[in-house]
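Sequential numbering of the sequence shown, starting at 2, is according to the numbering used here.
Just below is one structure, and these are the notes that go with it.
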Amino acid sequence: MSKDLFNGLIVWIVCIAVILAPVYMFLIRRRVGRYMRQRVRRSATTMPAVERQGGAPLQLANEAAPRTPISDAGRVPFERMRNVRRSAAAIYFLAGVAAASVLAAGEYAADSKWRPLMVIYLWPAVLTVSTAAVPSLRKRALVLGVAFLALFGTLAAARVDGAVIGDFIRFLLPPTMLLLLVGNRALRTLAPVLVLIGLVVAGALLVFLVGGSYGSVFAVLVSGLLSLALLPWAYERKYFSELSFQLAFIWVVFAAAYGMKYETAHFWRYGAASLAVYAGLTRLMLPVLRRAARKHRPASLLVLRVFGSAGRSTRLLEHIGMRWRTVGPIHLIAGADTAITNLDLSEVFRFLTFRFRSEYVKDAADLERRLEKLDCAPDPDGRYRVNDFFCFDDTWKATFTALLHRSDVILLDLSGFGPKNAGVAFELGHLLGSRPLGSFVLITDRKTDIDYLGATLTRIWRQLDPSAPNAALEHPVLRVLRDPPARRLVAALCDAAVAG
């Protein structure tokens, strides 16, 4: 088989995977929405709530979030969060530089002459560290733009021939565009899995085209699919994290692009060697972060929000998750707006094998089993995971109540809150009745009906059970933050975690 046919087959696999990923994303979101509406709770007759006599009125404080935690105890997890992020970024960058050096060595061995062009191979290392450290796709694109100009400015200053620079731009641009395309949170777990499945199928097809027997084709296909089935198994047992999987995919893409560009076994060997170096170094250095994380008690965060704003929920979880997951796990009742945002390897494979319904909490006994297995241990890179709970209409309230008592701090996103959001009013009632007022953070945006929110909080406060811990407070004050930046919000959450 010609190299052109082989390279073309790989390109087609990637294109098909990129096309299929949004389709699967749509199907998952639609299925989650349909399951959420199943087993609707029957309305029960309830006695009207009785307002308490006396008691101090609840005061709402619309304050700006602090740049750093106010309390000394809150600064401890905040500083640890920053240190872990910096350390992880440094480890991924060092491993990326080492892998890039292998690619440059392959170029040097073929050319027998060192040139400033070797700085080009730092580009995948830049992609790696930006993915690991920069929370939003917009900021990541800005960082990559500046890095791209710096790299090629270096080449221009060294007076490298323009035709050669153009050749390498054509080499770097396709894999970079692919990675940026699947780099958003909705696709960056699903798309790589589809690419890997496509590569297994293509491998079996190649064996058939070169004259292999049906037995050999079947053996390649089965062994490849079984190897892929080990991915969720290894992920569930914490041999690697979802971030490590996504960063490894970056190096798989560039190693393949490296081999395809030169179309010789020499460069394919160096591409494979770069992957081995990257995997070996990260496997060696990252456990240092996990050992450091185990010295501290994790602070678990329960994220609640108004359902319906998929874009807002995705951005919130993206920005908060990259920061908070270095100090503790995030618990979440999944919905159609967040099902794709936190899709991990296990959930992807369950959907692809038609077992997605098994993710849903069925009853009280099933909820108890899931709570016993609640993942609060760090991954090899020191980050904690997001624990998604998929619920039917008749199981979400019990799940919320159970998670409320297992979380150190609660974030309630009231963006777009209004009269139609009765479920959030239920959550507010439990928060005001059972949690210290300083242990949860409420945030709003310009779409929030502030007057209705104030009336709802006042009504819930007046109807609290007199035996509730907060009912006896002399000066109850509840902080509400208006659309705070992610860094300031995390600072407020660190203070709330201490109060919790």
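Just so you know, even glycine gets a beta-carbon here, dropped at the ideal spot from N, CA and C.
Could you check what DSSP says for residue i in three-state terms: helix, strand or coil?
{"i": "S377", "result": "The displayed chain sequence assigns Cys, not Ser, to residue 377. In the structure shown, C377 sits in coil (DSSP, three-state: anything other than H, G, I, E or B)."}
{"i": "F352", "result": "helix"}
{"i": "D338", "result": "coil"}
{"i": "R407", "result": "coil"}
{"i": "D414", "result": "strand"}
{"i": "S44", "result": "Caution is warranted here: a pLDDT of 49 is assigned to S44, below 50, making its placement in the model unreliable, and no coordinate value can be reported."}
{"i": "R189", "result": "coil"}
{"i": "R436", "result": "coil"}
{"i": "L290", "result": "helix"}
{"i": "F390", "result": "strand"}
{"i": "A62", "result": "strand"}
{"i": "Y240", "result": "coil"}
{"i": "R306", "result": "strand"}
{"i": "Y453", "result": "helix"}
{"i": "Y259", "result": "helix"}
{"i": "M2", "result": "Any reading at M2 is ruled out, since the residue's pLDDT is 47, under 50, leaving its predicted position unreliable."}
{"i": "I71", "result": "coil"}
{"i": "V362", "result": "strand"}
{"i": "R488", "result": "helix"}
{"i": "V135", "result": "coil"}
{"i": "L210", "result": "helix"}
{"i": "V442", "result": "strand"}
{"i": "V481", "result": "strand"}
{"i": "A498", "result": "helix"}
{"i": "L333", "result": "strand"}
So, under 8 Å CB-CB, residue i and residue j are touching, yes? Tell me the CB distance rounded to an integer number of Å.
{"i": "W252", "j": "L276", "result": "6 Å"}
{"i": "P330", "j": "P299", "result": "6 Å"}
{"i": "M119", "j": "I341", "result": "The pair is not a contact, with the Cβ atoms about 39 Å apart (cut-off 8 Å)."}
{"i": "L182", "j": "V19", "result": "6 Å"}
{"i": "V425", "j": "T400", "result": "Not really, about 15 Å apart at Cβ, beyond 8 Å."}
{"i": "G322", "j": "V387", "result": "6 Å"}
{"i": "V208", "j": "S217", "result": "5 Å"}
{"i": "V103", "j": "V328", "result": "Their Cβ separation, rounded to whole angstroms, is 35 Å, which puts V103 and V328 out of contact at 8 Å."}
{"i": "L317", "j": "N343", "result": "Between N343 and L317 the Cβ distance is about 12 Å, and since that is not below 8 Å, they are no contact."}
{"i": "V349", "j": "V196", "result": "Going by Cβ atoms, the distance from V349 to V196 rounds to 12 Å, so no, they are not a contact pair."}
Check each candidate in the options and name the one with the smallest Cα separation from residue i.
{"i": "P486", "options": "P67, F390, M37", "result": "P67"}
{"i": "A99", "options": "A274, P233, V478", "result": "A274"}
{"i": "G107", "options": "G260, A423, L454, P470", "result": "G260"}
{"i": "P470", "options": "F441, P437, L156, R87", "result": "P437"}
{"i": "Y93", "options": "V410, A249, A294", "result": "A249"}
{"i": "R86", "options": "L465, R326, A403, R358", "result": "R326"}
{"i": "L179", "options": "G419, V223, A22", "result": "A22"}
{"i": "V33", "options": "R313, G434, C392", "result": "C392"}
{"i": "T177", "options": "V328, G225, A126", "result": "A126"}
{"i": "L290", "options": "I29, V24, R81, M37", "result": "R81"}
{"i": "A293", "options": "A89, V194, F255", "result": "A89"}
{"i": "S468", "options": "A157, L433, R460", "result": "L433"}
{"i": "R489", "options": "I71, R189, F255, C16", "result": "I71"}
{"i": "F255", "options": "V147, L174, Y36", "result": "L174"}
{"i": "L156", "options": "F169, G146, Y385", "result": "F169"}
{"i": "H297", "options": "F79, D446, Y109", "result": "F79"}
{"i": "L302", "options": "L405, E369, R284, S214", "result": "L405"}
{"i": "Y271", "options": "M37, A74, A101, D73", "result": "A101"}
Determine, using beta carbons only, whether residue i and residue j come nearer to each other than 8 Å.
{"i": "R324", "j": "V135", "result": "no"}
{"i": "T132", "j": "G97", "result": "no"}
{"i": "L232", "j": "V201", "result": "no"}
{"i": "H332", "j": "S408", "result": "yes"}
{"i": "T457", "j": "L429", "result": "yes"}
{"i": "L415", "j": "V304", "result": "no"}
{"i": "L123", "j": "L143", "result": "no"}
{"i": "L282", "j": "L95", "result": "yes"}
{"i": "Q39", "j": "D394", "result": "yes"}
{"i": "V410", "j": "F390", "result": "no"}
{"i": "S347", "j": "Y236", "result": "yes"}
{"i": "G199", "j": "I29", "result": "no"}
{"i": "A498", "j": "G56", "result": "no"}
{"i": "L454", "j": "F418", "result": "yes"}
{"i": "D484", "j": "I451", "result": "no"}
{"i": "D338", "j": "S314", "result": "yes"}
{"i": "D345", "j": "T190", "result": "yes"}
{"i": "G439", "j": "A493", "result": "no"}
{"i": "A403", "j": "L353", "result": "no"}
{"i": "R480", "j": "E64", "result": "yes"}
Residue i CB to nearest chain C CB: under 8 Å?
{"i": "V144", "result": "Looking for chain C here will not work: only one protein chain is present."}
*Looking at C-beta atoms only, is the number of pairs between the region 476 to 483 and the region 58 to 65 that lie closer than 8 Å three or more?*
yes
Problem - the region 237 to 250 in contact with the region 368 to 383 per 3-pair CB rule at 8 Å - result: yes
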